[in-house]
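Protein chains in written order, with our numbering: chain A, 1 to 224; chain B, 1001 to 1079; chain C, 2001 to 2079; chain D, 3001 to 3730.
Each residue gets a CB set at the ideal place from its N, CA and C atoms; glycine is no exception.
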Amino acid sequence: MKLGVLQFPGSCDEVDAQLAAQQVGDAVLLWHGDRDLQDVDGVIIPGGFSYGDYLRAGAIARFSPVMESVTEFARDGGLVLGICNGFQVLCEAGLLPGALLPNANRRFTFRQVDLEVVQPDTAFTSACPAGELLSIPAKHGSGRYYADDATLDRLEESGQVVVRYRPEQNFNGSLRDIAGVCNQAGNVFGLMPHPEHAVDALTGSTDGLRIFESMRTAVEGAHV
Amino acid sequence: MRARVLVRPKDGILDPQGVAVERALPALGFEGVSDVRIGRLVELQIDDPAQLEEISAQLLANPLIEDFEIELLDDAPQA
Amino acid sequence: MRARVLVRPKDGILDPQGVAVERALPALGFEGVSDVRIGRLVELQIDDPAQLEEISAQLLANPLIEDFEIELLDDAPQA
Amino acid sequence: MSEQLPALADALALGLTEAEYRLVCEKQGGPPNQVELAMYSLLWSEHCAYKHSKKLLATLPTEGPAVVMGPGENAGAVDVGDGLICAFKVESHNHPSAIEPFQGAATGVGGILRDIFAIGARPIAVLDSLRFGEIESSERSRYLLAQAVAGIGHYGNSIGVPTVGGEVYFEGPYEQNCLVNAMALGLGPREKLMRSAAAGVGNIVLIYGASTGRDGIGGASVLASAELGKSDGDKRPTVQIGDPFEEKKLMECSLELLDLGLIVSLQDLGAAGLTSSACEMASKGEVGIDIDVRKVPLREADMQPFEIMVSESQERMLCVIEPQNVDAVRAVCDKWEVSSAAIGEVTDTRLMRIYSVGELVGEMPVEALVDDCPIYDLDPQAPSEPLYPPPPASLDGSESLEEALLALIGSPNIASRRPLFEQYDAIVQSRTVRRPEQADAAVLALPNGSALAVSIDGNGRRVAADPYRGTLGVVLECASNLACVGAKPLGTTNNLNFGNPEKPHVAWQLTEAVRAIADACTALEAPIVGGNVSLYNEAASGPIYPTPVIGMVGLLPDATRAGRLGFAWEGEAIALVGPFAPSLAASELAKLRGEPLPAELPDVDIEAVREAQTAVRDAVREGLIGSAHDIAEGGIAVALAECALAGSIGAAVTIDAGDDPWQACFGEAPGGFICCGHPTALAQLAERCSVTRLGQVGGDSLRLDLGSQTLELSLEQLRESHRALEAMFQ
Ligand SMILES: Nc1ncnc2c1ncn2[C@@H]1O[C@H](COP(=O)(O)OP(=O)(O)O)[C@@H](O)[C@H]1O
Ligand SMILES: [Mg+2]
């Protein structure tokens, strides 16, 4: 499997995402100005501040040349994982429902959180033991997931709410404790916490690896 | 010409900044202020004002969470 | 009554947001936009508008780097 | 620019003394014009010329086996093995932060990061050292704290460099003069180390990064070297605004240029902007530089030549490149959307010549600008009566030991820093092995399996009480923090935050503190590789506490064995390790009781402390012990509480309190460690240094048996008090 990690001038966690992805396959960086996705099997939009995150997080990044290709890639069913800023970009680009607003606590906040996998049956979570919590760090200033009630109901019914915060750990004020959602087809997934920062016992937990392992299973399953 | 786009959080969406300002005021001795909403003010020079609607909807505001209002200003140089 | 405070970066003070937006627009196919300045829009309900000047200087704007302008709106409910 | 030449009055307004102005005229062979005077006033300011500290700094030890680059370059560097160096430096942004805390702190981080990548190292960590007035009583100090922390987070988080540690203290003498110091570390290939000396007559001088505006005009001389008066408002329009996104591109662009070998020499633009960067480069290279200010990309077209030369606009770099590389360099800049412009050239004239579209608007000998500024002797005198009023009392002495411990663990100087460091991304770059509150020092993994450890420390109150011994304690605590994670010091950086050095008692504080840094760093074999001096931190109410801030970087061979401070396993033995002679003099308890500062501190046996550090370090490296924490503010009781809270497990200990349980519980001194481990392991440790068995890990309360009395508190009670700072962030 070969994953591509987008690199914007203001990306911060792109190398971390590449290192994490390399634990389950190949991973290359894809420059924001290029349209060529280099035949990757999946795309990761990493954390950081893409174009400085001025105006609204992800607002400008969604218009980059590489995002045109990613949008096509996603429409054709390609796997796209958006982490933190990547999640914000995917929402701004309309590839995922909803939006991410400034944290309710009005501060950038870095905290280890326990994520509940509510939807283990996706290309990104199949390797997560049902009911088990994933200990993964979150660090962002705009992570308050918002969508109108009708949309939220629909997302819950159609199983598009993939991960949730424990209610007492929902520091950013996300509606219904939503930490990550996928699109209807299930091939695009965005979450605020950082699985790529939970892939090595030395620097924390290894729970985040499950997300990348799930992607490998999805891709390599598709290949045979 | 000079134009101004006012971007506000949609009604019903929590505006923590606004709430914080509202909370801070009494401590500073200011009573009788309520319903504080904080949004974005974008001012720019534009050749073709007709484009503003689109620019606002696509970039300056996210229609899902924000409303915007366009004000065209005369060409008098900005204060 | 309803009032509005427009907070903008002082002239000569760097406005990274404005610069970023200006740089982005051509890529979206919008030419002819320049001198973009981005500030804050504060709208509120206030009993005694005379206080607004002080409130703005103390809390809504940072006089070091921002100017503000007060607009009193009629009491018509906000759009 | 104005035809008419500026006069003495202008020179005085720019911070020069009359004698200095006369000397400038002499060097110039006549009165300087506007551009020349502006440039002299900056380069001859305390900030650039170290007029009152140069002679003292020369006494610091700067050599050691690991030192690759000592003081003098943008940052110091030590060898960390496998062809890698660690560059590090601490810098202050005190005056700008006092005026606009968010931007002041943010641009402080931006500035220290540029120093790191200017020498070819990729920034891998930031630490902050902060001082404010009493936040519980001072609204303004709460504002400064919240804004400074937000500013540091804003810059570090946005640029993708983790903020892995720091320290913060609150004391009355900082009410008018807060301190905001930032330290950064970088990692780079030893053979690609970059220096700032301009070289190669005919080479091109190129500026790249943000465009130049009126930010911080006169900043270095007006902001950084003048006592803050009532009229700070007047200085406000010169606030610099930081743009971390611009700096991120600038950083990646610079590292790519260096990697491609396209640059001859590189220098960041900091305080005193283009003036100091260009002159420093020319001076170090013993060459001259011609600059045409009209070629500098401007944010405001109508800027005058002197404004362009002194502007402190952020996120700019200056480099010297060979003419045939101009296109290649500009191509890299374009890739990163960083604007660049060739603005001048290296000459053999030893002159700085400033042109404006071809017209010569300033001409100065480089040597006069950089080397001929008068250097002043200090006139140190120990004060005859106390310099500082006693702190306000919050305890009256009637408290029980329990009440005192809760008050201490909840006091702003000891309470958990979580509300601060939670605003910082501590893990980006996937290197952070120990985050804040996991250990006494931050630990950063290196590619070869070893790890860097870093700690930053200061204690103004103890230094105020006894500048020499207090400063010894600060340097020793830094090394103790490193020992607790298993690291041996490689090098040290320091930031000397003091009052007005022209006053004899401040000169004395400064002299004594530097003497202590020299003695301690020599004994610890932790040479000084860089630092920064911030003087005139003084208001009508008097000087700040003398605040030498020490940053120390060390190495541990095996990252997987990095120590922790929290108690580990139920049933493990707890021991006091090291020569610990607690005293309440200038302690946190004495402060809460409103006691005046003592005339001096107890003597310190550096050798004995160093031996204890070695023993603890080795024990951690061997995996002999489960936890290690050095005893600092609040004494042994607070240290035990911190170990229990960090491990979420209680402890029961017996302490020989003699006839003074207060001193035994809350007395402070360098050299003491709380360690836990298997009894036989601690017995082994006892063969290497003094070890006193105190008790056992376990339960959900902390119990101290003091013979005559006992002190017992549940972890819940302790945790509740420890969270006190949360209230300061509403
Ligand atoms: N201003 C700060 N920024 C970031 N981390 C901080 C700050 N102040 C304290 N910390 C972290 O909190 C922990 C405890 O701080 P402190 O009590 O100063 O440690 P010590 O007593 O060992 O110097 C350390 O991990 C330190 O790095
Ligand atoms: Mg310590």
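- Scanning its chain for C-beta atoms nearer than 7 Å, with the 5 sequence neighbours on each side dropped, one finds around D/E3256 the residues V3332, in chain order.
- Closest option to D/G3530, judged by alpha-carbon separation, among D/K3027, D/A3058, D/L3008, D/A3013: D/A3058.
- The DSSP-derived three-state label of D/F3088 is strand.
- Going by beta carbons, D/F3567 and D/I3574 fall inside the 9 Å limit.
- Pairing D/L3718 with D/S3648, the inter-Cα distance amounts to about 11 Å.
- Contacts with chain C (Cβ-Cβ distance below 7 Å) from the stretch 39 to 65 of chain A involve Y51, G52, Y54, L55, I60, F63, listed in chain order.
- For D/M3317, the number of other beta carbons within 10 angstroms of its own is at least 16, and it is reported as buried.
- Residue-level contact check: C/R2040 touches chain B, since one or more beta carbons of chain B fall below 9 Å from its beta carbon.
- In terms of CA proximity to D/D3558, D/V3620 leads the group D/V3620, D/V3616, D/H3505.
- At the C-beta level, D/G3667 and D/R3703 stay beyond 9 Å of one another.
- In terms of beta-carbon proximity, C/P2016 lines the interface with chain A, with at least one pair separated by less than 9 Å.
- For D/C3025, DSSP records no beta bridge to any residue.
- Residue pairing by DSSP places D/G3530 opposite D/T3493 in a beta bridge.
- The Cβ-Cβ distance between D/V3346 and D/N3481 does not fall below 9 Å.
- When only Cα atoms are considered, D/G3072 and D/I3119 end up about 12 Å apart.
- Sixteen is the threshold: since fewer than 16 other Cβ atoms of the shown chains lie within 10 Å of the Cβ of B/L1072, the residue is exposed.
- In this model, A/T206 and A/C128 are separated by some 12 Å (Cα to Cα).
- Beta bridge pairing from DSSP links D/F3498 with no other residue.
- Per DSSP, the continuous alpha helix (DSSP H) segment holding D/G3104 begins and ends at 3101 to 3118.
- Under the three-state reduction of DSSP, D/D3010 is assigned to helix.
- Residue burial is scored here from C-beta neighbours: B/R1023 has fewer than 16 other C-beta atoms within 10 angstroms and is therefore classed as exposed.
- Of the candidates D/T3017, D/Q3730, D/C3048, D/C3048 places its Cα closest to the Cα of D/L3369.
- Residue C/K2010 holds the alpha-carbon nearest to the alpha-carbon of C/P2063 among C/V2005, C/M2001, C/K2010, C/R2002.
- With a minimum length of 4 residues, the unbroken runs of alpha helix (DSSP H) contained wholly in the stretch 3624 to 3694 of chain D fall at 3635 to 3647, 3661 to 3666, 3679 to 3686.
- If you look at C/G2018, you'll find it in the alpha helix (DSSP H) that goes 2016 to 2027.
- Of all residues in the stretch 10 to 44 of chain A, only G10, C12, D13, D16, L19 place a beta-carbon less than 7 Å from a beta-carbon of chain D.
- Going by C-alpha positions, D/L3206 is about 24 Å away from C/A2020.
- Contact annotation: in the stretch 187 to 210 of chain A, residues whose CB is within less than 9 Å of a CB in chain D are H194, E196, H197, V199, D200, A201, L202, T203, G204.
- Inter-residue distance for D/Q3314 and A/F49 is about 19 Å (C-alpha atoms, whole angstroms).
- Burial is judged here by how many other beta carbons sit within 10 angstroms of a residue's own beta carbon; A/R166 has fewer than 16 and is exposed.
- Contact annotation: D/C3484 and D/V3616 have beta-carbon atoms nearer than 9 Å.
- Residue-level contact by beta carbon fails for C/A2061 and chain B, as no gap is shorter than 9 Å.
- A direct Cα-Cα distance of roughly 44 Å separates D/E3720 from C/G2018.
- No Cβ-Cβ contact shorter than 9 Å links D/C3643 with D/L3711.
- When the five nearest sequence neighbours on each side are left out, the beta carbons in the same chain lying within less than 7 Å of the beta carbon of D/P3527 are those of P3061, T3062, E3063, G3064, V3067, G3491, T3492, C3521, in order along the chain.
- A Cβ-Cβ distance of about 15 Å is found for the pair D/S3416 and D/L3130, leaving them out of contact under the 8 Å criterion.
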